[in-house]
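Q:
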């Protein structure tokens, strides 16, 4: 029986008026307060930022992607180098996903958006060769070789990577598939989840903990079945995955209608979702941790998160910043946010200087970490509504 | 009369067996020990590194390029933002060049190499439209507009940028021009130097100091005339510029034959030269400061400086580093050199992760700063030969 002796999740406050809560999640690499935000170190690196810069931006936890790492440099190499923590120089808590989302999305550029319910139906995923009960076969984007990923191999790879928090292997169904397909897929993800649990238990040394994933697309009844499945199995945590709808309202309704059927005492992670507005919406529905690539992805496009700004962000490429001698946000308390004018960052972007990405990325990470700290502080004070008005006054 | 009251250069030790010396160069933004190395913040940014990372790598002084900044974002904008120190967040000593080298080199890709005596004769510089006694006219690479740079405008722009140490405007003649052209060009650079001095003196507020530049190509007799010119004029420092030959031996002979005719008590800067071997060679000939883009340029190609390595560098793209779990060099005392294995950096390069550039760039800067610190310590101990054998045992 899995009992995760080196892990714990303690709920420190539960809001009587919503499902919002604060908690303390302990792992062999340290304890984080929740709600929290998990930053994406996709290929064993946060894009453009060193571990020291992540710490300076007050980051508690990061993740890395099984799919990318299994292709390059390979799980065996990372195991040989002492595991992912040592390899990338991060000694805090860490999560790896199972590879499922990328297998089903990265063959084709727009599929990732489609899974999230954005944009039109994606064209065929040419790198995804076959999905069967056994697992799925795809071509490596690195060298074209054929690879089969199964629940068992997804567990083996994540064991070699050595993160603290692991994810079961699942099928991520796109937005446009019909309900029958989504239901069959969700049932298969359940069977895959059981195989993951069995494989995980076979090698369990107490140093890792496994999350089950709620699938079921935009269908609340399917999501509810999937949520109850995760509750009934010895997972350490619960993740919400796959496509939840094409609008904020649809996403909210699906989560609201299904998450209450998951285990109430386990940490809940929301996979791949994490704009500021999402944090406020889904913390109230019981989500404990978020992850999303946008803090660093937006930075590469010159876009900075900013408290109190319509749409959450400003685009520093805009000519309006050419003469703006104000810093991004001194409230973050780090040099990236305080020591450089918007005019300087605008110049760096125009001149194609890499430093722009580094400055904005660290600012974005620091901003999101500050937001999530303030969210944690607000929950026991019944202050979420007021805090949301501060951060998103135009919403 | 120019007397640079807020500047000083004190020679603290002169080696009796060579022209090597240690010194102390004071500016309104601080004092540096010499010999020292000036890192290139070409477009008001060190490529890939923040000011804080430069400080962590124990950097004392940086430079920025007048030519690039006059085109983008423009000297007026930088003046409006409080000057270059404030704009880029560097409050230590800073140098700007005059724009001459880039005007005469950047119109055509290989011309910069040709001025340094490398490679074949460059094809015509298409952006350089006209060189006259008045100055030179060229097209902006940013927007194609026609710009005339004169000794007076080069001074005005550098005044607006606000660096501590300025350079006179000069013509940089390529390697393949004949001696007659080089002589006429050197004579014009002398007249341009006098116009720079006059313009500089007209606006002198004591916060900046001007260097004269020794030109004359590979011809020691022309270099000697140019060196004597700089000595006889009220420059604060002396710079060695332009093409010095196609080989280490030729460069050494030209400097050896001409630098003794420059002012013996002024700081000597070597423009654009700065591999490890150059530091050892030219410190012995009386050079006090170096600058070169290679510490950060090599980093962008995955190449790291390494003490005691044949050719000074290793290429981390090489498959031999795939399984190498050793750090770059713990002797540098910074996380970039100590906390990441070569295998990890190799992976980052293969995966196209920006973090690789940041790590290697900071390592390279720290390595060169350590080299120059050890050079400074070795000179009074008569230890330069032994130190060179430590750093470059294969030479």
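Protein chains in written order, with my numbering: chain A, 1 to 395; chain B, 396 to 790.
Quick reminder that beta carbons are idealized off the backbone N, C-alpha and C, glycines included.
According to DSSP, residue 428(B) sits in a beta bridge with which residue or residues?
A: Residue 428(B) is bridged to 419(B).
Q: Are any of the Cβ atoms in chain B nearer than 9 Å to that of residue 330(A)?
A: No, its Cβ sits nowhere closer than 9 Å to a Cβ of chain B.
Q: Can you give me the start and stop residues for the beta strand (DSSP E) that residue 405(B) sits inside?
A: Taken as a continuous stretch (DSSP letters only), the beta strand (DSSP E) holding residue 405(B) covers 403-409.
Q: Beta carbons nearer than 9 Å to chain B: which residues of the stretch 338-350 of chain A have them?
A: For the stretch 338-350 of chain A, which is checked against every Cβ of chain B, the residues closer than 9 Å are 339, 340, 341, 343, 344, 346, 347, 348, 350.
Q: Please work out which residues of its chain come closer than 6 Å, Cβ to Cβ, to residue 417(B), disregarding the five sequence neighbours upstream and downstream, and give them in chain order.
A: Once the five neighbours on either side are set aside, the close Cβ partners of residue 417(B) are 407, 408, 771, 774.
Q: Using a beta-carbon distance below 9 Å, is residue 365(A) in contact with chain B?
A: Not closer than 9 Å to any Cβ of chain B, the Cβ of residue 365(A) fails to qualify, so no.
Q: If you drop the 5 nearest sequence neighbours on each side, which residues of the same chain put their C-beta closer than 6 Å to that of residue 109(A)?
A: A caution first: residue 109(A) carries a pLDDT of 43, below 50, which makes its placement in the model unreliable, though a value can still be read off. For residue 109(A), where only same-chain residues beyond five positions count, there are no Cβ hits under 6 Å.
Q: Identify each residue in the stretch 37-57 of chain A for which the Cβ-Cβ distance to at least one residue of chain B is less than 8 Å, and report them in chain order.
A: Listed by position along the chain: 43, 44, 45, 46, 47, 48, 49, 50, 51, 52.
Q: Could you tell me which residues DSSP puts in a beta bridge with residue 687(B)?
A: DSSP lists 434(B) as partners of residue 687(B).
Q: Residue 581(B) to residue 617(B), Cα distance in whole Å?
A: Each residue's alpha carbon lies about 8 Å from the other.
Q: Report the start-end ranges of each alpha helix (DSSP H) in the stretch 597-633 of chain B that is 4 residues or longer and not cut off at the edges.
A: Here the runs fully enclosed are 615-627.
Q: Contact between the stretch 343-359 of chain A and the stretch 439-453 of chain B: three or more CB pairs below 8 Å?
A: These segments touch.
Q: Look at residue 591(B) and residue 662(B) and say whether their C-beta atoms are less than 9 Å apart.
A: Not in contact: residue 591(B) and residue 662(B) (Cβ atoms no closer than 9 Å).
Q: Using only the alpha-carbon positions, how far apart do residue 737(B) and residue 716(B) sit?
A: Computed Cα separation, rounded: 6 Å.
Q: Name the chain A residues whose beta carbon is nearer than 7 Å to that of residue 484(B)?
A: Within 7 Å Cβ-Cβ: 339, 340.
Q: Helix, strand or coil for residue 591(B) per DSSP?
A: The answer is helix: DSSP assigns residue 591(B) an H, G or I state.
Q: Contact check, residue 95(A) vs residue 38(A) under 8 Å by CB: the rounded distance?
A: Sure, about 6 Å apart at Cβ, within 8 Å.
Q: Would you say the stretch 644-663 of chain B touches the stretch 600-620 of chain B, given that touching needs at least three Cβ pairs under 8 Å?
A: Segments in contact, yes.
Q: Under a three-way DSSP split, which group does residue 307(A) fall into?
A: Residue 307(A): coil per DSSP, three-state reduction.
Q: With 16 as the cutoff for other CB atoms within 10 Å, does residue 765(B) come out buried or exposed?
A: Answer is buried; the Cβ neighbour count reaches 16.
Q: Check each candidate in 270(A), 394(A), 241(A) and name the one with the smallest Cα separation from residue 311(A).
A: Answer by Cα proximity: 394(A).
Q: Measuring CB to CB, does residue 686(B) end up less than 9 Å from residue 667(B)?
A: For residue 686(B) and residue 667(B), yes; Cβs fall inside 9 Å.
Q: Would you say residue 425(A) faces chain B, with C-beta separation under 9 Å as the test?
A: What the structure shows of chain A is the stretch from 1 to 395, and residue 425(A) is not part of that stretch, so it cannot be assessed.
Q: Taking Cβ-Cβ distances below 8 Å as the criterion, which residues of the stretch 73-88 of chain A are in contact with chain B?
A: Within the stretch 73-88 of chain A, the residues whose Cβ lies closer than 8 Å to some Cβ of chain B are 73, 77, 80, 81, 82, 87, 88, listed in chain order.
Q: My assumption, with CB atoms under 8 Å, is that residue 446(B) sits in contact with residue 396(B). Please give the rounded CB distance.
A: With 8 Å as the limit, residue 446(B) and residue 396(B) do not qualify as a contact, their Cβ atoms being about 36 Å apart.
Q: Which runs of the beta strand (DSSP E) fall wholly inside the stretch 120-176 of chain A and span at least 3 residues, in chain order?
A: Within the stretch 120-176 of chain A, the complete beta strand (DSSP E) runs of at least 3 residues are 128-131, 136-139, 146-149, 165-167.
Q: So, under 8 Å CB-CB, residue 388(A) and residue 280(A) are touching, yes? Tell me the CB distance rounded to an integer number of Å.
A: Residue 388(A) to residue 280(A), Cβ: 5 Å. Contact.
Q: Whose C-beta lies closer than 7 Å to the C-beta of residue 421(B) among residues of the same chain, with five residues either side of it excluded?
A: So the list reads 402, 403, once near-sequence residues are dropped.
Q: Against chain A, does residue 504(B) count as a neighbour if the rule is that its beta carbon must be under 9 Å from one of theirs?
A: For residue 504(B), the predicted model reports a pLDDT of 43, less than 50, meaning its position is unreliable; a value from the coordinates is still stated below. Not closer than 9 Å to any Cβ of chain A, the Cβ of residue 504(B) fails to qualify, so no.
Q: Identify the residues that DSSP records as bridge partners of residue 270(A): which are they?
A: In the DSSP output, where bridge partners are listed per residue, residue 270(A) has 240(A), 290(A).
Q: Which partner residues does residue 710(B) have in the DSSP bridge list?
A: Looking at the DSSP assignment, residue 710(B) forms a beta bridge with 698(B).
Q: Determine the closest residue to residue 366(A) out of 4(A), 35(A), 32(A), 54(A), with distance taken between C-alpha atoms.
A: The shortest Cα separation from residue 366(A) among 4(A), 35(A), 32(A), 54(A) belongs to 54(A).
Q: Where residue 506(B) and residue 337(A) are concerned, what is the direct C-alpha to C-alpha distance, given to the nearest angstrom?
A: Residue confidence is low: residue 506(B) scores 49 on pLDDT, short of 50, so the model does not pin down where it sits. No coordinate-derived value is stated.
Q: Tell me the DSSP secondary structure of residue 493(B) in three-state form.
A: Coil, per DSSP.
Q: With DSSP collapsed to three states, give me the class of residue 93(A).
A: Here residue 93(A) sits in coil by DSSP.
Q: Apply the 10 Å Cβ neighbour rule to residue 160(A) and answer buried if 16 or more other Cβ atoms are within range, or exposed otherwise.
A: Residue 160(A) comes out buried.
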